[in-house]
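Protein chains in written order, with UniProt numbering: chain A, 1 to 450; chain B, 1 to 450.
Below: the structure, in structure tokens.
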């Protein structure tokens, strides 16, 4: 496989064919292209061109393309389609993808589209999925799965499975239920291949099966699936009835989004944005954190004014405030990142006290090394060991305090049930700036002895 | 399923049973526990206790436990086992996990363990895997896979598959090769279930199959698999011969590690560390970035000394240097994070110039809002509109420059083939601090007109 590479030539070629309404050539060109790649092409076209392609290709392919498009692009294309056209796309999709797309439609349209769906059984299942929160197991699951009754034998089972398998893209496990649809266990395809056809399912199924509840959080489902290396997991309702299954490819997206969210929060971006979003969206995502930084900076300035009497004699103290603020910020971000990541991976065990001690020791060691370097730099520069001592000694204290704050805040938020990731980035930088500068001047003043 | 929850009681209970050498009770307690959970328990025990459990349980379970342990814990336990004992564990594992564990052993031990492996075919495959870089497709793949020859018919195929399936934990796709082992296509289990037994494979296989090359980078494999929603992908060598397959669960780890690495780099942590690592490891991971911050801070101090003549009359300019440094740093981190994430997801299209213009406009808008607020704050505070103007006007310029640097550096590094993630975090913060403060004083001086 030479991986597909989106080129400007290809885009231009497609645009030319659309302009010339050369439908057969366009169809031929796109036939060989995977739907995920067609989606990439469409993301780069304008709305008319995109709609042209969606209307040209048949709905078996376009339905898959729709699921892969950028959300903004999809929204606009769907606005250009009639409820009936959307329903034709939805009819081709698995219930989970269908529900995802329908949930993005405005309320009124949603009703229209659902009433236009041809397969009423499918429609019923989609409506059921729409009830669940998108960040829950119910929001992730699909209704398509292969299940057998524990009272059947292998022959009935294979016959029923063939029927069901027509609707299921990938068969992972075969779930076993009793007459009340209650999940009892699973069958592996392998076992089925190697057992005689008259054996009752009751005798060969594996009664141990991992499952999640419809209301479990998506990130918990991700944790269970990746910890136990599962490729699919059945979902049960409050009465333990089998209601759906979640496959690993949906979980890959959850894991990626979770990691990206933490990263963006650490970088001071509040909302889920992408490089191609509008300036207005990007501004809204970034400005709040910058505003926080502004408040912190004004606070730091106010503190420094409080020590103004030192400025004529000890100007050098003021020259080092950006260094102090930067170090306090960096140490805080480092400590909090380790904790946030540890919490996300369930790696953090033991008491908060131990954690704080370890972080204090670590910060002290780092601070000591840096302070010694700084001491000699300032001493040689200013030829004044007292100033050098004042600046470097307070650096150690600032670093230790920054490490403690960086460790404590995410642990505290986590205990309170708040996402600790909001504590990283600008939040911790700003508070550490203010604390850092205050501590710095207090200690420096003490040492210089004014 | 009530998800497994590691409790202090459970750990203490296990420790008591080990102390009292109550083997049968211990076996009974751990029998019901999933190997991934036993690994969590062992991570919390001391080395003797851990080794005790590994020696007590049979190698079918302990081999899986070993794969799930913390790397440090595993290393120590393996040091406590003889080459023969390790070989017994390895014999139970799939080739990919086996190769991962063997590759962690010191060179000499590695040879010993390999020579003690009982299954010589298995040993040969493991040795083959050890040749590949761990971050390549070859390093991720396993030799266990189900393949059929295009010249067989469905019946032969099913018979051969049964034999092969005994060694393969999960059957995803069945790969079709010709007489020279060259990958020709794939068969779906579904197709096999629904075709008559005399049909030749040649007639039913799907000639289109995604594959990767042994030397492809792990992150590129991850991109291909998640883009095309693949649960397994075959790996071919330079001659297009089928040599292995990669499953999605290995890719989940690659995606997670990739995201964590970017996050840690953004937070100023150079090496892959975890909260439970030793103080020495944590220090080595953090100190280099802090040192960079120190150099930046000293640079900023030197710049400020250059403007020392302004300090007696315009002390307030110096009070706002932490604010300027913080804003320059925050904007730089925000811009670079968006670019780094976009590059990781292949979302960045179009020219660098467009990207820079957009970022400039965005930074200008953010800067304008913040500068207006700051202007009024300083004006009211100091009752001096010129000073207020000098500070807030230079803030705008600083923010725009910081945005440009934050956008340009990761794009530049990426073009050069360097991981752009190193540009986020302290690297960008530090350079923006220095540039920011220099620009700030230059512009402020210009406006105040000294």
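Where a beta carbon is used, it is the ideal one built from N, C-alpha and C, also for glycine.
Applying a beta-carbon distance threshold of less than 8 Å, which residues of chain C neighbour residue i?
i: residue 164 of chain A; result: Any reference to chain C falls outside this structure, whose protein chains are A and B.
Rounded C-beta distance between residue i and residue j? I'm assuming under 8 Å.
i: residue 394 of chain B; j: residue 439 of chain B; result: 7 Å
i: residue 320 of chain B; j: residue 297 of chain A; result: 7 Å
i: residue 252 of chain A; j: residue 226 of chain B; result: 5 Å
i: residue 402 of chain B; j: residue 432 of chain B; result: 5 Å
i: residue 287 of chain A; j: residue 369 of chain B; result: 6 Å
i: residue 263 of chain A; j: residue 235 of chain A; result: Between residue 235 of chain A and residue 263 of chain A the Cβ distance is about 29 Å, and since that is not below 8 Å, they are no contact.
i: residue 177 of chain A; j: residue 242 of chain A; result: 5 Å
Taking the alpha carbon of residue i as the point to measure from, which residue in the options has its own alpha carbon closest?
i: residue 536 of chain B; options: A:187, A:37 and A:340; result: Residue 536 of chain B lies beyond the residue range present for chain B, which begins at 1 and ends at 450; the question has no answer from this structure.
i: residue 218 of chain A; options: A:35, A:64, A:42 and A:132; result: A:132
i: residue 40 of chain A; options: A:122, A:66, A:231 and A:317; result: A:66
i: residue 345 of chain B; options: A:327, A:238 and A:257; result: A:257
i: residue 154 of chain B; options: B:115, B:378, B:48 and B:199; result: B:199
i: residue 282 of chain A; options: B:310, B:250 and B:358; result: B:358
i: residue 186 of chain A; options: A:150, A:162, A:195 and A:215; result: A:150
i: residue 452 of chain B; options: B:19, B:166 and B:37; result: Since the displayed chain B opens at 1 and closes at 450, residue 452 of chain B lies outside it and no answer follows.
i: residue 71 of chain A; options: A:102, A:88 and A:52; result: A:102
i: residue 147 of chain B; options: B:244, B:336, B:216 and B:208; result: B:244
i: residue 10 of chain A; options: A:62, A:230 and A:26; result: A:26
i: residue 338 of chain A; options: B:137, B:265 and B:220; result: B:265
i: residue 532 of chain B; options: A:145, A:20, A:163 and A:81; result: As shown, chain B starts at 1 and ends at 450. That puts residue 532 of chain B outside it, with no answer to give.
i: residue 451 of chain A; options: A:12, A:259 and A:215; result: Here chain A covers residues 1 to 450 and nothing more, so residue 451 of chain A does not appear.
Output yes or no for whether 9 Å exceeds the beta carbon distance between residue i and residue j.
i: residue 293 of chain A; j: residue 323 of chain B; result: yes
i: residue 404 of chain A; j: residue 360 of chain A; result: yes
i: residue 268 of chain B; j: residue 330 of chain A; result: yes
i: residue 375 of chain A; j: residue 391 of chain A; result: yes
i: residue 30 of chain A; j: residue 96 of chain A; result: no
i: residue 363 of chain A; j: residue 422 of chain A; result: no
i: residue 174 of chain B; j: residue 240 of chain B; result: no
i: residue 115 of chain B; j: residue 91 of chain B; result: no
i: residue 130 of chain A; j: residue 143 of chain A; result: no
i: residue 34 of chain A; j: residue 228 of chain B; result: yes
i: residue 437 of chain B; j: residue 310 of chain B; result: no
i: residue 255 of chain A; j: residue 255 of chain B; result: yes
i: residue 126 of chain A; j: residue 99 of chain A; result: yes
i: residue 69 of chain A; j: residue 42 of chain A; result: yes
i: residue 49 of chain B; j: residue 14 of chain B; result: yes
i: residue 300 of chain A; j: residue 325 of chain A; result: yes
i: residue 108 of chain A; j: residue 75 of chain A; result: no
i: residue 407 of chain A; j: residue 365 of chain A; result: no
For the beta strand (DSSP E) containing residue i, name the first residue and the last one.
i: residue 416 of chain B; result: First-last for residue 416 of chain B: undefined, no H or E at that position.
i: residue 205 of chain A; result: That residue, residue 205 of chain A, is in no beta strand (DSSP E); it is neither H nor E in DSSP.
i: residue 475 of chain B; result: What the structure shows of chain B is the stretch from 1 to 450, and residue 475 of chain B is not part of that stretch, so it cannot be assessed.
i: residue 247 of chain B; result: 242–247
i: residue 183 of chain B; result: 183–187
Buried or exposed, going by whether 16 or more other CB atoms sit within 10 Å of the CB of residue i?
i: residue 409 of chain B; result: buried
i: residue 426 of chain B; result: buried
i: residue 334 of chain A; result: buried
i: residue 289 of chain B; result: buried
i: residue 441 of chain A; result: buried
i: residue 380 of chain A; result: exposed
i: residue 106 of chain A; result: exposed
i: residue 424 of chain A; result: buried
i: residue 7 of chain B; result: exposed
i: residue 464 of chain B; result: With chain B running from 1 to 450 in the structure shown, residue 464 of chain B is simply not present.
i: residue 172 of chain A; result: buried
In the DSSP assignment, the alpha helix (DSSP H) including residue i goes from what residue to what residue?
i: residue 152 of chain A; result: From DSSP, residue 152 of chain A is part of no alpha helix (DSSP H); its letter is neither H nor E.
i: residue 53 of chain B; result: 47–56
i: residue 175 of chain A; result: Element bounds for residue 175 of chain A: not the alpha helix (DSSP H) but the beta strand (DSSP E), 174–177.
i: residue 122 of chain B; result: 120–130
i: residue 353 of chain B; result: 352–382
i: residue 115 of chain A; result: 107–116
i: residue 291 of chain A; result: 279–306
i: residue 194 of chain A; result: Here residue 194 of chain A belongs to no alpha helix (DSSP H), and DSSP marks it neither H nor E.
i: residue 273 of chain B; result: Element bounds for residue 273 of chain B: n/a, residue is neither H nor E.
i: residue 43 of chain B; result: 35–43
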